[in-house]
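The structure under discussion appears below in the form of structure tokens.
Structural data, given as structure tokens:
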């Protein structure tokens, strides 16, 4: 049972990791803004005109103008390079439009379309969207998701084999009893039944143990994660699997235990013939 | 009830246990199979209980050719049969009641009916007061009687026993034989393999003698 628990806990922990990263990054795509840097010589009137043009688009929710002067003031205040900036003759920063895409336009393709459209407008120097790393993260999550499936499959088969082996030894230990039952007219399926229950219990026990180990791990990590999130000014909290997934895990473990015992019991009980 | 027709049995190790055996046992008869060990009487019982199959020839039980009973049908077939073993084959970790109840549990009898019949069977073998004992707490004779109770609890029409008195002293052996006689008196066909001639003479039933896999008398 301990073996089953430990075999199950690795895919579970991967699942927890995936769950947390997914939920932490789920709404990043939506709040992603596009930074539009204007040509330095464009002038305030052009900036207003471009902003107006953008606001008219259906896939744009809001446009916020940060003038070069405002940007410089913020930079001076927050960067600590105030004195160094004084040495510059004129403001090196461009006027910037911060474009918030409409919710409907938050898919990677729509973002790309919007980006191309803006880049084609007059007096626009550079359009920058930080979707790149979000996409990379999504791809990595996709890989981890597959790893979770693979690991679950492998450890699942492991459980079938472990339970099967346990049941096989159990059957060999009770060989005499099985012979007697067959002699007084027990069918193979009747003889098999208690072993199937045994397999289900092994699975459930292992599943419970895995869930306990998983909960303990989450419990151990929750404190440090919260502190780390706090340092980033976030109120992010580590999530556990949740009771619905707990039940799924238990059900899956029970089914695997049943399957392992079914395979072993069917084969080995058939082979026992009274003499 | 039982008909053997030119039955041969050769085991995988090459030993020929039965060489052309034919006999008939009628409904309600009590018959002893006698002969030295290895003469073939155990093989007869194994063929009746479908533990073994004949190499050649045919075995009929209750007008049914046992060759027609496929592996799937064996459990159903055995439920109509009571079998008593020399080493009684009890489940040592279960109390007497459960051991006797086993055939009924397998047959799926409801609890109330099951309790009644187990107690009736234990009463017939005189062990009603030992219901909750473990087999190891009983004497050899008592254990054998538990085995008999288990064999008759399903109310079989045919009861077969392989050396049921082999491990018992003469007095106990006589009790056991009386028990079989009583079942026979109420209409059960009884076939007992034994080499105890004194006992057979006392009970006075038909006898089929074996030597080297053939019937001698």
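Residue numbers (our numbering), protein chains in the order written: chain X, 186 to 460; chain V, 17 to 233. Virtual Cβ for every residue (Gly too), placed ideally from N, Cα, C.
Neighbouring residues, chain V, relative to residue i (Cβ below 7 Å)
| i | result |
| --- | --- |
| residue 459 of chain X | 67 |
| residue 362 of chain X | 107 |
| residue 375 of chain X | 122 |
Supposed contact pair residue j and residue i - C-beta distance, whole angstroms, cut 8 Å
| i | j | result |
| --- | --- | --- |
| residue 300 of chain X | residue 309 of chain X | The Cβ separation is near 11 Å, so there is no contact. |
| residue 141 of chain V | residue 104 of chain V | No, residue 141 of chain V and residue 104 of chain V are not in contact; Cβ-Cβ is about 12 Å, not under 8 Å. |
| residue 144 of chain V | residue 135 of chain V | 6 Å |
| residue 102 of chain V | residue 151 of chain V | Their Cβ separation, rounded to whole angstroms, is 15 Å, which puts residue 102 of chain V and residue 151 of chain V out of contact at 8 Å. |
| residue 257 of chain X | residue 399 of chain X | About 51 Å separates the two Cβ atoms, so there is no contact after all. |
| residue 380 of chain X | residue 352 of chain X | 5 Å |
| residue 303 of chain X | residue 219 of chain X | 7 Å |
| residue 57 of chain V | residue 226 of chain V | 5 Å |
| residue 170 of chain V | residue 123 of chain V | 7 Å |
| residue 333 of chain X | residue 200 of chain X | 5 Å |
| residue 210 of chain X | residue 322 of chain X | 6 Å |
Neighbour list for residue i in chain X, Cβ cutoff strictly below 8 Å
| i | result |
| --- | --- |
| residue 119 of chain V | 369, 370 |
| residue 127 of chain V | Simply none; closest approach about 17 Å. |
| residue 166 of chain V | 369 |
Burial state of residue i (16 or more Cβ within 10 Å)
| i | result |
| --- | --- |
| residue 83 of chain V | exposed |
| residue 52 of chain V | exposed |
| residue 97 of chain V | buried |
| residue 158 of chain V | buried |
| residue 249 of chain X | exposed |
| residue 259 of chain X | exposed |
| residue 166 of chain V | buried |
| residue 416 of chain X | exposed |
| residue 208 of chain X | exposed |
| residue 349 of chain X | buried |
| residue 459 of chain X | buried |
| residue 109 of chain V | exposed |
| residue 229 of chain V | buried |
| residue 14 of chain V | Any question about residue 14 of chain V goes unanswered here, given that chain V covers just 17 to 233. |
| residue 139 of chain V | exposed |
| residue 117 of chain V | buried |
| residue 294 of chain X | exposed |
| residue 178 of chain V | buried |
| residue 212 of chain V | buried |
| residue 66 of chain V | buried |
| residue 366 of chain X | buried |
DSSP three-state assignment for residue i, whether helix, strand or coil
| i | result |
| --- | --- |
| residue 50 of chain V | strand |
| residue 169 of chain V | coil |
| residue 244 of chain X | coil |
| residue 457 of chain X | coil |
| residue 380 of chain X | helix |
| residue 369 of chain X | coil |
| residue 132 of chain V | helix |
| residue 76 of chain V | strand |
| residue 17 of chain V | coil |
| residue 197 of chain V | helix |
| residue 338 of chain X | helix |
| residue 307 of chain X | coil |
| residue 150 of chain V | coil |
| residue 102 of chain V | coil |
| residue 431 of chain X | helix |
| residue 22 of chain V | strand |
| residue 252 of chain X | coil |
| residue 45 of chain V | coil |
| residue 321 of chain X | helix |
| residue 163 of chain V | helix |
| residue 441 of chain X | helix |
| residue 155 of chain V | coil |
| residue 111 of chain V | coil |
| residue 423 of chain X | coil |
Cross-chain neighbours of residue i in chain X, by beta carbon under 9 Å
| i | result |
| --- | --- |
| residue 94 of chain V | 367, 368, 369, 370, 371 |
| residue 133 of chain V | Neighbours of residue 133 of chain V on chain X: none; closest Cβ ~14 Å, over 9 Å. |
7 Å Cβ cut-off: residues of chain X touching residue i
| i | result |
| --- | --- |
| residue 91 of chain V | 370, 371, 372 |
| residue 99 of chain V | 368 |
Closer than 7 Å: residue i CB and nearest the ligand NAD heavy atom
| i | result |
| --- | --- |
| residue 347 of chain X | Judged by which ligands are present, the structure shown has none, so any question about the ligand NAD falls away. |
message: Under 8 Å, with one C-beta from each stretch per pair, do the stretch 201-208 of chain V and the stretch 29-46 of chain V reach the 3-pair mark?
response: yes
message: Could you check whether the stretch 364-375 of chain X touches the stretch 329-347 of chain X, counting it as contact only if at least three pairs of C-beta atoms, one from each stretch, sit closer than 8 Å?
response: no
message: So, does the stretch 223-230 of chain X touch the stretch 277-296 of chain X, judging by three or more C-beta pairs under 8 Å?
response: yes
- prompt: Do three or more CB pairs link the stretch 425-444 of chain X to the stretch 378-396 of chain X at distances below 8 Å?
  reply: yes
query: Between the stretch 21-40 of chain V and the stretch 60-68 of chain V, are three or more C-beta pairs nearer than 8 Å?
result: yes
The stretch 392-410 of chain X touching the stretch 188-207 of chain X, judged by at least three CB pairs closer than 8 Å: yes
message: With three or more beta-carbon pairs closer than 8 Å as the criterion, would you say the stretch 190-197 of chain V touches the stretch 32-43 of chain V?
response: no
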